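Here is the structure we will look at, set down as structure tokens.
In this note's numbering, the protein residues as written are 246 to 444.
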């Protein structure tokens, strides 16, 4: 998985250092929905490579663990009946290629993505927790509205699939393993409401 991350970084740097870029147009953006997802830090940078194509690379990072109720009691119940801890921790790195039917940074678009994610989540819907590594590809669609010469707002949705290596725990803080292994997955990936600055 570390080699996949290194490949993503290499491709990203190569694209941004390329000399034959379409109109030398770049953008940076952040997804407001991810910030609302327990404070997940995120950013994306892109470059236009043709009239209808752009390449995007981004990251998401969340290292927060939250506790409900009396923090002194959060480790007392190992059955998970009174679970007091929840988290959606992750570090994810992705590269997208977007197709714009009109022209880059305006109107409708669709993307193809490759992504690596290390995650640890639990206590949000169920008392159980899961951690692991996932690598796969995704697709998505969205719309970009021009607000100003340099500012856009984007709306979109996406999903991805691939393989994950995981460990599932009985609860978020007991360390009791229920299941582990590798398996194929198909999951929702993103809901976009992003603010974008165009250079």
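Even glycine gets a Cβ: it sits at the ideal position worked out from N, Cα and C. Note that the structure is a prediction, hence the values are computed from the model and not measured.
Would residue i and residue j be called neighbours here (beta carbons separated by less than 7 Å)?
{"i": "residue 400", "j": "residue 438", "result": "yes"}
{"i": "residue 330", "j": "residue 363", "result": "no"}
Could you work out which residue in the options is closest to residue i when comparing CA atoms only?
{"i": "residue 413", "options": "427, 407, 312", "result": "427"}
{"i": "residue 332", "options": "303, 372, 381", "result": "372"}
{"i": "residue 339", "options": "277, 381, 370", "result": "381"}
{"i": "residue 393", "options": "429, 410, 350", "result": "350"}
{"i": "residue 436", "options": "370, 378, 421, 403", "result": "403"}
{"i": "residue 270", "options": "387, 395, 409", "result": "395"}
{"i": "residue 378", "options": "369, 312, 360", "result": "360"}
I'd like the span of the alpha helix (DSSP H) that includes residue i, first residue to last.
{"i": "residue 423", "result": "That residue, residue 423, is in no alpha helix (DSSP H); its beta strand (DSSP E) goes 422-443."}
{"i": "residue 281", "result": "277-281"}
Can you name, in chain order, every residue of its own chain whose Cβ lies under 6 Å from the Cβ of residue i, other than the five neighbours on each side?
{"i": "residue 365", "result": "334, 376"}
{"i": "residue 431", "result": "406"}
{"i": "residue 345", "result": "297, 354"}
{"i": "residue 374", "result": "367, 414, 417"}
{"i": "residue 423", "result": "413, 415"}
{"i": "residue 341", "result": "301, 356, 358"}
{"i": "residue 299", "result": "291, 293, 343, 349"}
{"i": "residue 272", "result": "291, 441, 443"}
{"i": "residue 369", "result": "331"}
{"i": "residue 320", "result": "Its pLDDT being 46, under 50, residue 320 is placed unreliably in this model, and the coordinates cannot settle the point."}
{"i": "residue 488", "result": "The requested residue 488 is not part of the displayed model; the chain covers only 246 to 444."}
If contacts are defined as beta-carbon pairs under 8 Å, then residue i and residue j qualify, I think. What distance do you get, rounded to the angstrom?
{"i": "residue 290", "j": "residue 302", "result": "6 Å"}
{"i": "residue 352", "j": "residue 310", "result": "The Cβ separation is near 40 Å, so there is no contact."}
{"i": "residue 434", "j": "residue 355", "result": "14 Å between Cβ atoms; not a contact."}
{"i": "residue 288", "j": "residue 304", "result": "6 Å"}
If I follow the unbroken beta strand (DSSP E) through residue i, where does it start and stop?
{"i": "residue 367", "result": "352-367"}
{"i": "residue 330", "result": "330-344"}
{"i": "residue 379", "result": "374-391"}
{"i": "residue 395", "result": "No beta strand (DSSP E) holds residue 395; DSSP gives it neither H nor E."}
{"i": "residue 292", "result": "286-293"}
{"i": "residue 300", "result": "298-307"}
{"i": "residue 417", "result": "No beta strand (DSSP E) holds residue 417; DSSP gives it neither H nor E."}
Note down, in chain order, each residue of its chain lying with its Cβ closer than 7 Å to the Cβ of residue i, except the 5 sequence neighbours on either side.
{"i": "residue 308", "result": "334"}
{"i": "residue 279", "result": "285, 287, 305"}
{"i": "residue 391", "result": "351, 397"}
Using a Cβ-Cβ cutoff of less than 8 Å, which residues in the same chain neighbour residue i once the five nearest sequence positions on both sides are dropped?
{"i": "residue 348", "result": "296, 297"}
{"i": "residue 425", "result": "411, 412, 413"}
{"i": "residue 408", "result": "379, 380, 381, 427, 428, 429, 430"}
{"i": "residue 283", "result": "307, 309, 311, 332, 333"}
{"i": "residue 277", "result": "438, 439, 440"}
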